[in-house]
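Structure first, commentary second.
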Amino acid sequence: MPLFGGARDISLFKQMNRELINDIIQTEIAYYKLALEQTISNIYGESTEKSYYEPLRLSCLIDKSDQEWSSDDFGPDIKQIYQYKFLKADLVDINLVPEVGDLILFDNDFWEVDTNIENQYFVGKNPDYAISTDTQTFGTSLSIVLSTHLSRVEKLNLIPLRDGKYPTTEVALGSNANPR
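Numbering (the working numbering), first residue to last: 50 to 229.
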């Protein structure tokens, strides 16, 4: 049985990280979740206008790369990549599952999510894939890192949230929610 990485250790680290990110650093972003049900696509699964829910204000850590300038027939263009680092427990509390295509508003620019990285495990253990039954309650995934690129967003179709949480996409049997 492991000595470190149990429920008390995990709770301590979650509490410390939550206080550090939300109360001390306080870097806030607006997170726009892509509303797939309201986005109309063509036969190829592409859409010219995407619909997004209203933004949620979230605290996170931000890792910025240097700007890269390029020039072509259409004029100069800038490329830059940001990584947004969230505490996973904060996202679970509001029922937010980050996905490719979501938008983040920070520093007056829109950033589109390219990748969702969740491979930073506390004490290096993922309890979902424990081989021994003694280690199933040790370790956890503490963070989610989103890699994004600078996006040119001309128009957002916003859809109101329900009590500050994103609605689930599951429809109960016999319910006429989300009629098509």
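Glycine included, each C-beta is placed from N, C-alpha and C at the ideal position. All values derive from a computational prediction rather than experimental measurement.
The three-state secondary structure of Gln132, taken from DSSP, is strand. Separation of Asn66 and Tyr80 (C-alpha to C-alpha, rounded to the nearest whole angstrom) is 20 Å. In the three-state scheme derived from DSSP, where H, G and I count as helix and E and B as strand, Ala56 is classed as helix. Bridge pairing for Ala79: Arg106, Leu154 [DSSP].
In the structure shown, the three-state DSSP call for Val149 is coil. Here DSSP, grouped into helix, strand and coil, assigns Glu86 to helix. Residue range 137-142 is occupied by the alpha helix (DSSP H) that includes Asp142. Spatial neighbours of Thr88 in its own chain (CB-CB distance under 7 Å, excluding positions within 5 residues in sequence) are listed in chain order as Ser96, Lys99, Ser100.
Bounds of the beta strand (DSSP E) holding Val194 are 192-200. Proximity to Asn165 across Glu148, Gly124, Asp112 peaks at Glu148, based on C-alpha coordinates. Comparing C-alpha distances from Asp112 to each of Ser196, Asn71, Glu103 shows the shortest one belongs to Ser196.
Here Leu83 is buried: its Cβ has 16 or more other Cβ atoms, across all protein chains shown, within 10 Å.
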